[in-house]
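Below is one structure, written out as C-alpha cells; the observations come after it.
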Amino acid sequence: MSSVKGQLFAITGAASGIGRATSQLLGKNGDLLSLADKDGEAVERFAKELTDSGVNVFWKRVDVCDRNAVDEWVGDTVRKFGRALDGAANLAGISGRLGPVRDHDSADYEAVFAVNVTGVFNCMSAELRNMRAAEGNMSGGSIVNAASIVGLVGKPSCSVYCASKFAVVGITKAAAREEADTGIRVNAIAPGFVQTPLMERLDADLGFELPNDAVLGRRARPEEIAKLIMFLLSEDSSYTTGSVYQIDGGMLC
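Its first residue numbered 862, the sequence shown is counted upward by one per residue in my numbering.
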C-alpha cells in the first residue's frame, strides 16, 4: 500500500472509470477526497456511497472546460477541509469522434481539446496555485495527469484524441520543470485499453470491440490503473517527476 494516508486529493472525472476506481482506492486508504465530474447526479451518488462507507468527501459538478468553475471547486475544497491540496489526479477526458484526419473538421478538434487539454490546463493551474500558496510548502505535493498510450504513438482513426494526449504529455513535462523548486511533482499515466464506460461507448459506436494489441491479451481493469495513480500521488514516488508511465499490458513492447 502506498503511503498517502490522511492526505487531501482532488480528482476529476471521478464518477466513473479510472476516476471512480482511484477515488475508491484513496478513500479506502483513509484519504480526504474532493471529487469533480460533469455528471452532477452521478458524482453525487458516488460521493454518497463513499460517505456511507466512512470516507470524508466533498463533491461538486464541474465542467473542466470552464476555468472559473475549476477555480471555484478548488477554492471550495480548501474551505471545506481547511487545508491545501496534497495532490490531484486530472482524469476527466473524452474520446471524440473516430476517423482519419481528412474526415475531421475543426469542431471535432475543438471539442476534444477543450476537455482533454484545456481541461487539464485549467485544473493544473488551479491546483498548482493552491499548492504553491500553502504556508511553508517547499516539499510539494503531486499531480497526475491522464495521458494515453496513444499520446506516445499514433493510432489510425484516432488522430484528434492522439493529438490531445500528446499535448497532455507536453504540459506535464513542462510543469514538472517549472515546479521542481517547490518539490511539487508532476507525472502522467499512459494507459492502453481500459474497460471503462468510455471504452464501452466506443465499442457500441463502432458496432464491434476495438482490437486489443496488449500481449497480456485483455483490457486493463480501472483498479489496476488506480494503483499506479496512487503510487504516483504518494511519497513512494518521491524521486519521480516529468515521467509518463506506460501501463498498457505490453502494447508497445
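Glycine included, each C-beta is placed from N, C-alpha and C at the ideal position.
Keep in mind it's a predicted model, so treat the numbers as computed, not measured.
Alpha-carbon to alpha-carbon, residue j and residue i
{"i": "residue 958", "j": "residue 969", "result": "7 Å"}
{"i": "residue 893", "j": "residue 1041", "result": "25 Å"}
{"i": "residue 862", "j": "residue 1105", "result": "Residue placement at residue 862 cannot be trusted, given a pLDDT of 46 that sits under 50; what the coordinates show is reported in the next sentence. About 21 Å."}
{"i": "residue 1070", "j": "residue 1058", "result": "13 Å"}
{"i": "residue 878", "j": "residue 1078", "result": "20 Å"}
{"i": "residue 842", "j": "residue 941", "result": "Outside the displayed span of the chain (862 to 1114) sits residue 842, for which this structure offers no information."}
{"i": "residue 950", "j": "residue 1108", "result": "16 Å"}
{"i": "residue 1080", "j": "residue 1055", "result": "5 Å"}
{"i": "residue 916", "j": "residue 974", "result": "33 Å"}
{"i": "residue 995", "j": "residue 987", "result": "13 Å"}
{"i": "residue 890", "j": "residue 960", "result": "41 Å"}
{"i": "residue 1110", "j": "residue 1013", "result": "15 Å"}
{"i": "residue 977", "j": "residue 935", "result": "19 Å"}
{"i": "residue 895", "j": "residue 911", "result": "11 Å"}
{"i": "residue 1102", "j": "residue 1005", "result": "10 Å"}
{"i": "residue 1096", "j": "residue 1001", "result": "10 Å"}
{"i": "residue 1033", "j": "residue 985", "result": "9 Å"}
{"i": "residue 1007", "j": "residue 1025", "result": "11 Å"}
{"i": "residue 871", "j": "residue 989", "result": "12 Å"}
{"i": "residue 1063", "j": "residue 980", "result": "21 Å"}
{"i": "residue 866", "j": "residue 1076", "result": "34 Å"}
{"i": "residue 1085", "j": "residue 1061", "result": "17 Å"}
{"i": "residue 923", "j": "residue 1052", "result": "24 Å"}
{"i": "residue 933", "j": "residue 1031", "result": "26 Å"}
Own chain, CB closer than 7 Å to residue i, minus 5 neighbours either side, in chain order
{"i": "residue 1015", "result": "1023"}
{"i": "residue 993", "result": "1043"}
{"i": "residue 1082", "result": "1056"}
Sequence-distant residues of its chain with Cβ nearer than 6 Å to residue i (five each side left out)
{"i": "residue 1020", "result": "962"}
{"i": "residue 1045", "result": "992, 1001, 1002"}
Exposed unless 16 or more other CB atoms sit within 10 angstroms - verdict on residue i
{"i": "residue 929", "result": "exposed"}
{"i": "residue 964", "result": "exposed"}
{"i": "residue 898", "result": "buried"}
{"i": "residue 881", "result": "buried"}
{"i": "residue 888", "result": "buried"}
C-beta contact flag for residue i and residue j at 8 Å
{"i": "residue 1087", "j": "residue 886", "result": "yes"}
{"i": "residue 925", "j": "residue 918", "result": "no"}
{"i": "residue 920", "j": "residue 905", "result": "yes"}
{"i": "residue 907", "j": "residue 953", "result": "no"}
{"i": "residue 1113", "j": "residue 1010", "result": "yes"}
{"i": "residue 1099", "j": "residue 1092", "result": "no"}
Beta-carbon contacts of residue i that lie in its chain and below 8 Å, excluding the five residues immediately before and after
{"i": "residue 972", "result": "955, 957"}
{"i": "residue 1089", "result": "1050, 1106, 1108"}
{"i": "residue 939", "result": "945, 946, 991"}
{"i": "residue 1018", "result": "959, 960, 961"}
{"i": "residue 927", "result": "983"}
Nearest-angstrom beta carbon gap, residue j and residue i [assumed within contact, 8 Å]
{"i": "residue 1003", "j": "residue 948", "result": "4 Å"}
{"i": "residue 1036", "j": "residue 1047", "result": "4 Å"}
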